[in-house]
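Written below as structure tokens is the structure these notes are about.
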Amino acid sequence: MKDKRVLYVSSEVVPYLPETEISSMSFEAPRLVNQQGGQIRIFMPRYGNINERRHQLHEVIRLSGINLVINDLDMPLIIKVASIPKERIQVYFIDNDEYFKRKATLTDENGKLFSDNDERAIFFAKGVIETVKKLNWSPDVIHVHGWLASLLPLYLKAYYKDEPLFNESKIVTSVYNQSFDDTLNKDMINKIKFDNIEEDAVKTLEEPSYNNLMKVAIDYSDALIVGSENIPETLETYLKASNKPILDYKSKDEFGEAYTEFFNTKIFS
Numbered sequence: 001m002k003d004k005r006v007l008y009v010s011s012e013v014v015p016y017l018p019e020t021e022i023s024s025m026s027f028e029a030p031r032l033v034n035q036q037g038g039q040i041r042i043f044m045p046r047y048g049n050i051n052e053r054r055h056q057l058h059e060v061i062r063l064s065g066i067n068l069v070i071n072d073l074d075m076p077l078i079i080k081v082a083s084i085p086k087e088r089i090q091v092y093f094i095d096n097d098e099y100f101k102r103k104a105t106l107t108d109e110n111g112k113l114f115s116d117n118d119e120r121a122i123f124f125a126k127g128v129i130e131t132v133k134k135l136n137w138s139p140d141v142i143h144v145h146g147w148l149a150s151l152l153p154l155y156l157k158a159y160y161k162d163e164p165l166f167n168e169s170k171i172v173t174s175v176y177n178q179s180f181d182d183t184l185n186k187d188m189i190n191k192i193k194f195d196n197i198e199e200d201a202v203k204t205l206e207e208p209s210y211n212n213l214m215k216v217a218i219d220y221s222d223a224l225i226v227g228s229e230n231i232p233e234t235l236e237t238y239l240k241a242s243n244k245p246i247l248d249y250k251s252k253d254e255f256g257e258a259y260t261e262f263f264n265t266k267i268f269s
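Below you can see the structure in the form of structure tokens.
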């Protein structure tokens, strides 16, 4: 993995949010690549319940200030950055007062999904790509974790398909069992189509369920990793039918070696 550029895009990362399979792996995988001499960047949303003072987040003025159009509305993009202590790993935070100021991540105090999670996912995907463009940093691999990040493969391959910075980038998506019941906003498909993404590409999202979001991510990824010991059966079947390179679930102890071998033999070869 030495000198390879790997971009990690995740809905959650420790130590900024509590430990889950996603937040833990979104820290362990970059740390592994960092130790092997790879170059890494991590992106996550700047939720309102992240303590900016404790984690020493600060705004990067030169990267902030552009507007992203979401469903015909201009939404200002704010970029913040912090370093994970002792790891020399920089984390970039995608922020916007409308989408990420509230003191919670994906649900309200009653466990109900926020009604604008669909727009937050679109904003996050576009925000990451626009920021990487400003950094002029061309990743060899983009590794996606969590359903809020799941639109990134679609946007990169459809909306940003002519962007030369990503011409050689391979997309890897980890599929977890961290899902949600019900669906996101039913108008999500129209908000994505507003970006001139063809209906065929997102037809699955007529019902924006967790499984369907992940199916779209699988469709537009180059390789896949099973991130949980058990994932929904429908996704297991869909993964197998994709005929793409797949790294089966590995425990934390086995992960490092298997991950390195998978990248070296299936992605960089």
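According to UniProt numbering, the sequence shown is numbered sequentially starting from 1. Cβ coordinates follow ideal geometry from the N, Cα and C atoms, glycine included. It should be emphasised that the depicted structure is a prediction, and the values quoted were computed from it without experimental measurement.
Cβ pair residue i, residue j closer than 8 Å
i    : j    : result
V13  : V128 : no
L7   : V132 : yes
S11  : L148 : yes
A121 : L151 : yes
R5   : Q39  : yes
D108 : F114 : yes
K80  : E98  : no
N96  : P76  : yes
A29  : Y259 : yes
F268 : N71  : no
M188 : L165 : no
K103 : N49  : yes
I78  : S64  : yes
For residue i, the residue or residues it bridges with in DSSP
i   : result
Q90 : S83
L68 : M75
D95 : I78
L7  : R41 and I142
Neighbour-count burial assignment, residue i, 16 or more Cβ in a 10 Å radius
i           : result
E254        : exposed
H145        : buried
G111        : exposed
V226        : buried
A241        : exposed
R54         : exposed
V33         : buried
K191        : buried
L235        : buried
I61         : exposed
residue 297 : The first residue shown for the chain is 1 and the last is 269, placing residue 297 beyond what the model contains.
R88         : exposed
L73         : exposed
K252        : exposed
residue 272 : Missing from the structure shown is residue 272; the chain here goes from 1 to 269 and no further.
Proximity test, residue i beta-carbon vs the ligand NAD heavy atom, cut-off 7 Å
i    : result
P139 : This structure simply doesn't include the ligand NAD, nor any ligand for that matter.
Requested in this report: At 4 residues or longer, and completely inside the stretch 99-160: list those alpha helix (DSSP H) runs for me, N to C.
Outcome: Runs found: 117-135.
Query raised in the report: Okay, do the stretch 140-155 and the stretch 171-189 touch, 3+ Cβ pairs below 8 Å being the bar?
Result: Touching, per the Cβ criterion.
Query raised in the report: Can you give, in chain order, each stretch of the beta strand (DSSP E) that sits fully within the stretch 165-217 and has at least 3 residues?
Result: Listed in chain order, they are 170-175.
Report task. Would you list, in sequence order, the uninterrupted beta strand (DSSP E) runs of no fewer than 3 residues that lie entirely inside the stretch 30-56? Result -> You should have 39-45.
Requested in this report: Within the stretch 213-249, note down every full alpha helix (DSSP H) run reaching 4 residues or more, in order along the chain.
Outcome: Here the runs fully enclosed are 233-241.
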